[in-house]
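There are 2 protein chains.
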Amino acid sequence: MITSLPRLQAEEAALPDPIPDGSKGRILVAALRLFAKQGFHGTSIRAIGAELGLKAGNLYLYFESKEKLLAELVRLGHEAHHRRLRRALISGSADPIEQVKAIVRAHVRVHAEYPMLAYVANYEAHALSPELIEPSLVLRRESVAIFTEVVQRGIDQGIFHVSSIFLATTAISGMGMRVASWYRPDLGIDIAELAETYAQFAIRILQP
Amino acid sequence: MITSLPRLQAEEAALPDPIPDGSKGRILVAALRLFAKQGFHGTSIRAIGAELGLKAGNLYLYFESKEKLLAELVRLGHEAHHRRLRRALISGSADPIEQVKAIVRAHVRVHAEYPMLAYVANYEAHALSPELIEPSLVLRRESVAIFTEVVQRGIDQGIFHVSSIFLATTAISGMGMRVASWYRPDLGIDIAELAETYAQFAIRILQP
DNA sequence: GTCTATACACAGATAGAC
DNA sequence: GTCTATCTGTGTATAGAC
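Here the protein sequences come in this chain order: V and R. My numbering applies: residue 1 is where the first sequence begins, and numbers increase by one. My numbering applies: residue 1001 is where the second sequence begins, and numbers increase by one.
Next comes the structure, spelled out in structure tokens:
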């Protein structure tokens, strides 16, 4: 019997390479796990230190504030997401169907491989001041634009048919984002197959 | 230029009828808005009171703790969701296609009409103790079962074709849940049309 | 019903010893 | 590098006056 409603199922805090060396990297990983499971405001500096056997004060040798620590995680998350989308776009074909599939695969993969990072980047960024969130917003706007433009090309070529490009892209990106909440390795679901299935769903939505 | 990454776009805190009379109802609405925008741990009792021109201590005349206040909101959210799904199921036809459409419409509608309530029910419930979350978990398990069974019937009848019923239902429910994050009335999107569009997307996913 | 006052715990952050 | 100690603010919650 489940007796709680966790924000996400993942248990392991994963960061994309290269993880900063030494204590800084270890602090990032510990903070990521706690921020993802309990939220930024629900996590104390003391709790992060305790995960590493450190007292609270030590963390200030590596991060000047708790908020800067969160900002770095949010930035890493948005960078990883944007990098994957970019790579999917440039390595693919000119066919809108293949482009959408490549982008959705990348979108889903990053949410399954780094669920905690995706979760924190998406749902804890609200705790950041405008200056600290701005670099991530730039990446986010571009990621949204990538999705939209690829779908638009398919529409222009008469390959896709949707009543609203906005509703289609929110649906497609939304189902991928949700993966961060439910994915866990022990479900026995291969990430490549998951990504392929969701890419197929996206095409079905766009090309009835 | 956007300078923050809000958890959701909605500005108004809406609760389904009947909203409790008097101060209790007003406290619920104020807490809902703040919990949705800033999170449970990011919201103080003082801040909730300030929204209503009340001092912190007054709230304890209506709720015995901040956690019980959250618990009531989470329960109201799960009840509204479950009630809508149930109603959609019993009022529909026996055709799996019509059943899925009815359930997805209801699912999407409740996320668009009560985005803050849906958001808090889904993403802040982790802050509740096992005893306080349990009533909502019962409803949640049943809502998941409704989705799954309706899709399964369509598969059994040879109407739907998906490689994994789990991946299909997570995709369909996930795109609906995401609506709570982006929907706002001034987008000019009619909720009925939104629900209809997403219901169509669900069918496209299930019936290629 | 609403206030002031307050108890008590814990938060983020800093200073300086070892 | 890690510690103890501490500053200062804020948190939840309660008691009792008006």
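All C-beta atoms, glycine included, are put in the ideal place defined by N, C-alpha and C. For clarity, every value in this text was computed on a predicted model and none was experimentally measured.
At least 8 Å separates the CB of V:G188 from every CB of chain R.
Between the alpha carbons of R:E1011 and V:P135 lies a gap of roughly 25 Å. Neighbours of V:A171 in chain R, taken as residues at a C-beta separation under 7 Å, are given in chain order as M1175, Y1198 and F1201.
Not a single C-beta of chain R is nearer than 8 Å to the C-beta of V:A14. Against V:G158, chain R offers no close residue; the least beta-carbon distance is about 18 Å (beta-carbon pairs closer than 7 Å). In the DSSP annotation of this structure, V:H41 is not part of any alpha helix (DSSP H), being labelled neither H nor E.
The C-beta distance from R:I1172 to R:V1110 rounds to 15 Å, too long to fall under 8 Å, and the pair is not in contact. With respect to chain V, the C-beta atom of R:T1003 has a partner C-beta closer than 8 Å. Residues of chain R with a Cβ closer than 7 Å to the Cβ of V:G39 are, in chain order, G1039 and H1041. In this structure, the alpha-carbon of R:E1131 lies about 15 Å from that of R:E1064.
Contact of R:P1006 with chain V by beta-carbon distance below 7 Å involves H126. At a cut-off of 8 Å, the C-beta of R:I1205 has a neighbouring C-beta in chain V. Proximity of R:E1113 to chain V, defined by a Cβ-Cβ separation below 8 Å, is not satisfied. If you check the CB distance, V:L70 and V:L117 do not come in under 8 Å. Taking CB atoms only, V:I155 has no neighbour in chain R less than 8 Å away. A contact between stretches requires three or more CB pairs, one per stretch, nearer than 8 Å, and the region 1161-1175 of chain R fails this requirement with the region 22-37 of chain V. Here DSSP, grouped into helix, strand and coil, assigns R:P1130 to helix.
Boundaries of the alpha helix (DSSP H) around R:K1068: K1066 to I1090.
Rounded to the nearest whole angstrom, the C-alpha separation of R:A1112 and R:A1121 is 14 Å. Taking 8 Å as the cut-off, the beta carbon of R:P1020 is found closer than this to the beta carbon of R:L1028. A check of alpha carbon separations from R:P1115 across R:G1188, R:S1093 and R:H1081 identifies R:H1081 as the nearest. In this structure, the alpha-carbon of V:A94 lies about 17 Å from that of V:A145. Under the 8 Å criterion on CB atoms, V:E79 is classed as non-interfacial with respect to chain R. The Cβ atoms of V:V108 and V:L15 do not sit closer than 8 Å to each other. Excluding the 5 residues flanking it on each side, V:L59 has same chain C-beta neighbours closer than 7 Å at I27, I45, I48 and G49, in chain order. As the crow flies, the alpha-carbon of V:E142 is around 29 Å from that of V:Q9. Taking 9 Å as the upper bound on Cβ-Cβ separation, chain V lies near residues Q1038, G1039, F1040, H1041, G1042 and T1043 of the region 1038-1070 of chain R. Cβ atoms of V:G154 and V:P96 come within 8 Å of each other, at about 3 Å. The beta carbon of R:S1023 sits closer than 7 Å to those of Y1062, all from its chain and outside the five residues before and after it, given in chain order. Between V:R75 and chain R, the shortest Cβ-Cβ separation is not below 8 Å. DSSP places V:I19 in the coil class of the three-state scheme, outside both helix and strand. In chain order, T170, A171, S173, G174, M175, M177 and R178 make up the part of chain V whose C-beta sits under 9 Å from the C-beta of R:R1178.
Contact check for V:E124 and V:V74: beta-carbon distance about 7 Å, within the 8 Å limit, so the pair qualifies. Chain V places no beta carbon closer than 8 Å to that of R:I1097, leaving this residue out of the contacts. Going by DSSP, V:H111 is part of the alpha helix (DSSP H) stretching over P96 to E113. Per DSSP, reduced to three states, the secondary structure at R:E1011 is coil, with no helix or strand assignment.
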